[in-house]
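**Q** Dumping the structure here so I can ask a few things about it.
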Amino acid sequence: MELRVSLAPHIRTADSTRRLMLDVLIALIPASLAGVYFFGPNALMLLVLSTASAVLAEYVWQKLMKLPVRVNDLSAAVTGLLLGLNLPPQAPWWIAVAGSVVAVILVKQLFGGIGDNFMNPALAARAVLLASWPVHMTVYTLPTMWSGADAVTSATVLSGHPAGTMDLFLGNIPGCIGEVSKLAILLGLAYLLIRKTITWHVPVIFLGVTALLAWAMGAQGGFTFDGDPLAAILSGGVLFGAVFMATDYSTSPMTAKGQVVFAIGCGVIVSIIRAYGKYPEGVTYAILLMNIASPLIDRFMRPRVYGSPLKEEKA
Amino acid sequence: MVSALPVTFQGGVHPLQKLHEGKLPTKDVPVREYTADTVCIPMGMHLGAPSAPCVKAGDYVRLGQVIGEPVGGLGIPVHASVSGTVTDVGPRQQLNGPSSLCVTIENDHKDTWAEGLQALGDVETADPALIVPAVKAAGICGMGGACFPTHVKLTVREGQYCDTIILNGSECETHLTADYRLLLENPKNILDGLRAAMRALSVKRGVVAIEDNKPEAIALMRKAAQGREGVEVMELRTKYPQGGEKQLIRAVTGREVPQKKLPLDVHVIVLNVGTSAAIADAVTTGRPLISRITTVTGSVKEPANLRLRIGTAFRDAIDACGGYREAPGKITAGGAMTGLCVPGDAVSMTKATNGIVVYNMEDAKQLEESPCIRCGRCVEVCPAGLRPYLMKHDCDAGDLAAAEAHDVMDCIVCGCCSYACPARLWLTPSFKVAKDQIQAAKRGKA
């Protein structure tokens, strides 16, 4: 009889990396459907293309570099879909391809692949696209609802497009494909929380700080909310960012304590950029900046080792 | 010192929660005696130097007769667990190594007890000074899995004192129901052992700690504890590793054992409930530890709780449960979180074997490691407050000094981080190896 011998433990949780990434993909379904519903075939094309090119880019890179091919872990698919959802709905097709290649090759693989990237690949790629093709990346359109009519260019809510709370909530507003429908994003959030894919810390605190600061800062600077905290978190990409981008495992702190600090930082930076910055929206840069700060946060926000001296005993 | 009194601890996991921790097949199965035709008793069942055999092939031995004399400071005697003829004294492959000195006895099924076994009498009236020597003479060591000699645990050195004895009835490991059945079937014995230990060390407080997934045991124990001086029953939240010594002390007393210190440094001694029952037997009957309850479960035909004579082969115990249900892929002594793999089913169960768990080929499959995704789950679940992802990096790089700087020596090897890791990293095994290497290096220097 041949028995396998190994050190304990002999059981593992069902939540593998692949399962967690699949959960994120499932949680993104409502936002994807809503985006395609509001913005029509071009949005669908962008989502499919960005996801497919991210997976293909990772596969080709790993083959060329003779690395183990890990596209089965679905992380490239998540990155691609996230990037697509962060594009303006009428962006040209090659923007999606270029963004996915930058995200997967430049931001993720060149730094060592899954887990070793220090910035959120989809967001960093979005920043690269914004800097490289600012016009394509900032032209937003009103929802066309598959009417076949030509899309009408419009300012976003943060740049002055008027919108009622219900439109903001359902997504009947100009904006990036995935960020418009808050209802769809909240459905995704509920799924992630129920599945325990993420914890509440980052989204709740990120949004809470953003709302609080909108209320506290009132109608200062470029703020368009006149101190309305609800409008502040229903506008722009902050909800999408707080739920799907700031919760990225690799680029956020390891401990709950650290994630609290991280989320507060995100909320503060978003509010400052919105109020005083040249850009109408600052979610991308807020999260990227806090991504870079994560290793530092991890350094200080560590758990207390059982049995180690308490602070007062050290003194 | 931490003042707040929690009923639990930081971190932890809920393995097999949907399957009631894997305890359902055996939890309601009363303990059944099983006596094998042959026992092969290892001399090295406890932590410390193996005992020296004092019988030879051909000798007739009686039940409870000493067959191995204690060696060294941590030594305890080994007793014949059956009466019959010694057929062999020699090395065998056992849990503790490929050539472990063993005494094999052919059982005559007469259970003729050895002569001269002296009871101390009732636990409330026995001479306290004789209790610890009786525990040593009975060959008792930690029956929860640690195998640490109990008489050493019950020895309080100069400058130390103990104010609380905790009986660990949490049985937080998966699959195991041996302690649970003992709690249900013999609460009096468990409490007798606790009182004996309390009286031996003049300890005023005794706590029986049980997880709240065992309400029947808690109710029964509460009833049995009425009128017992200084004894209370405490209900703890069900979470693995609630039964970890340090976690248990924190939950019950609010005290933390400082790094590199022992429970006695915070005036606490923790004993397993099975150990306590063995102490009771030693005091009230004078009989040594010759059998124990073992849960035989997993991929066997009729999972059960068996009272086995020490030295019973795994194979015999499994056959007593109807044999294998499927081709076995892995067998562990103990539960799925900390159990020790056996090299074959011919090895003997020991005083510490609380469970025999059989895994089929599918469950025995090894999962392949993939890159760390920095999800932080290992940190979240670590009951010791460590950062396993960093320690794993150190261990993979062979940098033991860095691992030590990241407190790998505080790892309690509970398995939570490995269990929770989505990348399937072998975290706990790496830390176990690193701890052993660091300890060996220190011993080498000393």
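Taken in sequence, the protein lines are chains A and B.
Counting in my numbering, the first sequence runs from 13 upward without gaps.
Counting in my numbering, the second sequence runs from 2 upward without gaps.
We put the beta carbon where it would ideally sit given N, CA and C, even for glycine.
Here the structure is a predicted model, which is why all the values come from computation and not from measurement.
(1) Measuring CA to CA, which of A:ARG30, A:LEU40 and A:ILE23 is closest to LEU199 (chain A)?
(2) Buried or exposed, going by whether 16 or more other CB atoms sit within 10 Å of the CB of ILE304 (chain A)?
(3) Indicate, with yes or no, if the ligand SAM has a heavy atom lying under 8 Å from the CB of ILE107 (chain A).
(4) Compile a chain-ordered list of the residues in the stretch 253-274 of chain B whose CB is closer than 9 Å to at least one CB of chain A.
(5) Write down every uninterrupted run of the alpha helix (DSSP H) in the stretch 25-84 of chain B whose length is 4 residues or greater and which is fully enclosed by it, in chain order.
(6) Counting only Cβ pairs nearer than 9 Å, list the residues of chain A close to CYS142 (chain B).
(7) Do three or more CB pairs link the stretch 9-29 of chain B to the stretch 244-253 of chain B at distances below 8 Å?
(8) Let's see if you can read the secondary structure: which residues bound the alpha helix (DSSP H) around LEU388 (chain A)?
(9) So that I know if they touch, is there some Cβ in chain A lying closer than 9 Å to that of PRO7 (chain B)?
(10) So does the stretch 340-351 of chain B actually touch the stretch 313-324 of chain B, counting three or more Cβ pairs closer than 8 Å?
(11) Report all residues from its chain with a CB closer than 6 Å to the CB of THR105 (chain B); omit the five preceding and five following residues, and keep chain order.
(12) Taking only beta carbons into account, state which residues of the stretch 150-182 of chain B come closer than 9 Å to chain A, listed in chain order.
(13) So the candidates are B:SER101, B:ARG308 and B:GLY244; which of them puts its Cα closest to the Cα of ALA37 (chain B)?
(14) So, for LYS189 (chain B): in the same chain, excluding its five sequence neighbours on each side, which residues have a beta-carbon less than 7 Å away from its beta-carbon?
(15) Which residue wins for smallest C-alpha separation from ALA64 (chain A), given the options A:PHE252, A:GLY294, A:VAL116 and A:THR168?
(16) Just reading off the alpha helix (DSSP H) that TYR360 (chain B) is part of, what are its end residues?
(17) Can you list the residues of chain A that THR339 (chain B) reaches, using a CB-CB cut of under 8 Å?
(18) So with CB distances below 7 Å, who are the chain A contacts of LEU368 (chain B)?
(19) Between VAL297 (chain B) and chain A, is there a C-beta pair that is closer than 9 Å?
(20) When you check each C-beta in the stretch 412-429 of chain B against every C-beta of chain A, which residues fall closer than 7 Å?
(21) Should PRO21 (chain A) be labelled buried (16 or more other beta-carbon atoms within 10 Å of its own) or exposed?
(22) At a CB-CB cut-off below 7 Å, which residues of chain B make contact with ILE329 (chain A)?
(23) On the three-state DSSP scale, how would you describe PRO264 (chain B)?
(24) How would you write the range of the alpha helix (DSSP H) that GLU159 (chain B) sits in, first residue to last?
(25) Can THR276 (chain B) and ILE357 (chain B) be called in contact, C-beta distance under 9 Å?
(26) On the CB-based measure, 16 or more other CB atoms within 10 Å of its CB, does THR209 (chain A) come out buried or exposed?
(27) Which chain B residues are close to TYR203 (chain A), counting only those with a beta carbon under 8 Å from its beta carbon?
(28) Can you pull the chain A neighbours of PRO16 (chain B), defined as C-beta to C-beta under 7 Å?
(29) Could you give the DSSP three-state label for LYS111 (chain B): helix, strand or coil?
(30) Return no unless some Cβ of chain B is closer than 9 Å to the Cβ of ARG207 (chain A).
(31) Closer than 8 Å, Cβ to Cβ, to anything on chain A: give me those residues from the stretch 390-411 of chain B, in chain order.
(32) Is it the case that the stretch 17-35 of chain A contacts the stretch 66-85 of chain A, given that we only count it when at least three CB pairs across the two stretches are under 8 Å?
(33) Taking contact to mean 3 or more Cβ pairs, one atom from each stretch, closer than 8 Å, check whether the stretch 395-407 of chain B and the stretch 377-385 of chain B are in contact.
(34) Can you tell me the Cα-Cα spacing of MET392 (chain B) and ALA403 (chain B), whole angstroms?
(35) Determine, using beta carbons only, whether ILE166 (chain B) and VAL204 (chain B) come nearer to each other than 9 Å.
**A** So, to answer that:
(1) A:LEU40
(2) exposed
(3) Among the ligands in the structure shown, none appear at all, so the ligand SAM cannot be discussed.
(4) GLU257, VAL258, PRO259, GLN260, LYS261 and LYS262
(5) 25-28
(6) Within chain A, no residue comes near CYS142 (chain B); the closest Cβ sits about 20 Å away, beyond 9 Å.
(7) yes
(8) Residue 388 (chain A) lies beyond the residue range present for chain A, which begins at 13 and ends at 327; the question has no answer from this structure.
(9) Low confidence applies to PRO7 (chain B): its pLDDT is 46, below 50, so where it sits in the model is not reliable, and the reading given next is rough at best. Chain A, which has no Cβ nearer than 9 Å to the Cβ of PRO7 (chain B), makes this no.
(10) yes
(11) CYS41, THR88 and ASP89
(12) THR175
(13) B:ARG308
(14) ALA225
(15) A:VAL116
(16) From DSSP, TYR360 (chain B) is part of no alpha helix (DSSP H) but of the beta strand (DSSP E) over 356-361.
(17) ALA20 and PRO21
(18) ARG24
(19) no
(20) GLY416, SER419, TYR420, ALA421, PRO423, ALA424, ARG425 and THR429
(21) buried
(22) There is simply no residue 329 (chain A) to check, as chain A begins at 13 and stops at 327 in what is shown.
(23) helix
(24) Run containing GLU159 (chain B): none; DSSP gives neither H nor E here.
(25) no
(26) buried
(27) What TYR203 (chain A) touches in chain B: nothing, since even the nearest Cβ is about 17 Å away.
(28) ILE23
(29) coil
(30) no
(31) TYR390, ASP408 and ASP411
(32) yes
(33) no
(34) 8 Å
(35) yes
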